[in-house]
Ligand code: BTN
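Numbering (the numbering used here), first residue to last: 3 to 251.
1) Going by CA-CA distance only, name the one from 181, 156 and 72 that's closest to residue 128.
2) Assuming residue 140 and residue 67 make a contact with CB atoms under 8 Å, what is their CB distance in whole Å?
3) Would you grab the beta carbon distance between residue 212 and residue 176 for me? Rounded to a whole angstrom, and I think it's under 8 Å.
4) Flag residue 17 as yes when its Cβ comes closer than 7 Å to any non-hydrogen atom of the ligand BTN, and as no otherwise.
5) Does any heavy atom of the ligand BTN sit closer than 7 Å to the C-beta of residue 109?
6) Per DSSP, which one or two residues make a beta bridge with residue 249?
7) Indicate whether residue 121 and residue 89 have their beta-carbon atoms separated by less than 8 Å.
8) Spell out the partners DSSP gives residue 58 in its beta bridges.
9) Which residues does DSSP pair with residue 70 in a beta bridge?
10) Could you check which residue in 172, 221, 131 and 152 has the C-alpha nearest to that of residue 114?
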């Protein structure tokens with residue numbers, strides 16, 4: 003990866019690059035604690051202990067994917083923390099679509115899918131009022147272990163095996179993250195909710211299984227803080243604050 007090229011194009015993002023690191027999240031948390039600015043980035047070519055959501059691991063082989071954590075000082079009320087996750091998912095999908103022309107779907111809170119397969123995952127953590135947005139994009143993988151919870155894909159697998167350049171995608175990703183942050187600041191959380199609902203086939207009228215409980219229900223939009231609403235057959239509605247959903251097979 004040509005880091006100098008990325009730095010030259012994204013002067014608004016101080017970039018801390020590592021050829022190999024345990025997890026970019028750990029390094030980004032240290033930066034947040036020492037007062038690093040909004041937009042600071044930890045980017046790695048390989049992670050040896052990549053962290054996924056809900057205690058899972060994130061496979062991060064060298065030279066293959068994008069593994070980065072971006073510090074976001076969004077000034078969001080704690081109750082609206084999910085908005086940050088939705089915002090970063092929107093940015094990742096936007097960057098993939100702009101650089102590859104592949105159409106992405108979003109599954110609450112922030113899985114980026116191509117069809118039913120996951121191409122990117124996002125993990126957000128809060129450190130001292132600073133959101134650390136960890137973004138992993140599968141770029142040039144040619145296969146994945148068969149036993150993954152959600153079937154995975156890569157941009158290369160979705161492009162007839164053609165190798166994909168990572169630099170333009172990193173540059174666009176950082177630009178898209180900034181664009182959606184500015185949207186949040188200028189138009190408010192409602193606009194992020196609107197954009198997410200428009201981009202996600204999971205936001206409404208989708209039969210899903212709630213990961214945590216195994217219950218089946220139908221999605222019925224997002225509330226004002228970005229929580230997913232699920233209606234069950236008994237007429238009750240649940241506000242999903244953590245975890246996730248998967249499609250009813
Ligand atoms: C998920 O489970 O879907 C979230 C995956 C998040 C992976 C990214 S890769 C960059 C950053 N560093 C990590 O250790 N995890 C996140």
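All C-beta atoms in this analysis are idealised placements derived from N, C-alpha and C, irrespective of residue type, glycine included.
Taking the geometry as given:
1) Within the chain shown, numbered from 1, the residue matching residue 128 stands at position 126. Nearest C-alpha to residue 128: 72.
2) Taking the first residue of the chain shown as position 1, residue 140 is located at position 138. Taking the first residue of the chain shown as position 1, residue 67 is located at position 65. With a Cβ gap of about 5 Å, residue 140 and residue 67 count as contacting.
3) Counted from its first residue, the chain shown places residue 212 at position 210. Counted from its first residue, the chain shown places residue 176 at position 174. For residue 212 against residue 176, the beta-carbon gap comes to about 33 Å, at or over 8 Å, which does not count as contact.
4) Within the chain shown, the letter at position 15 stands for residue 17. False, no ligand heavy atom lies under 7 Å from that Cβ.
5) Counting from 1 along the chain shown, the entry for residue 109 is found at position 107. Remark: the C-beta of residue 109 is outside contact range of the ligand BTN, defined as less than 7 Å to any heavy atom.
6) Within the chain shown, residue 249 is the residue found at index 247, counting from 1. Looking at the DSSP output, residue 249 bridges to 210.
7) Within the chain shown, the letter at position 119 stands for residue 121. Within the chain shown, the letter at position 87 stands for residue 89. No. Outside cutoff.
8) Your numbering for residue 58 matches position 56 in the chain shown. Paired residues: none, contrary to the question.
9) The residue given as residue 70 occupies position 68 in the chain shown. The beta-bridge partner set that DSSP reports for residue 70 consists of 45 and 137.
10) Within the chain shown, the letter at position 112 stands for residue 114. The shortest Cα separation from residue 114 among 172, 221, 131 and 152 belongs to 152.
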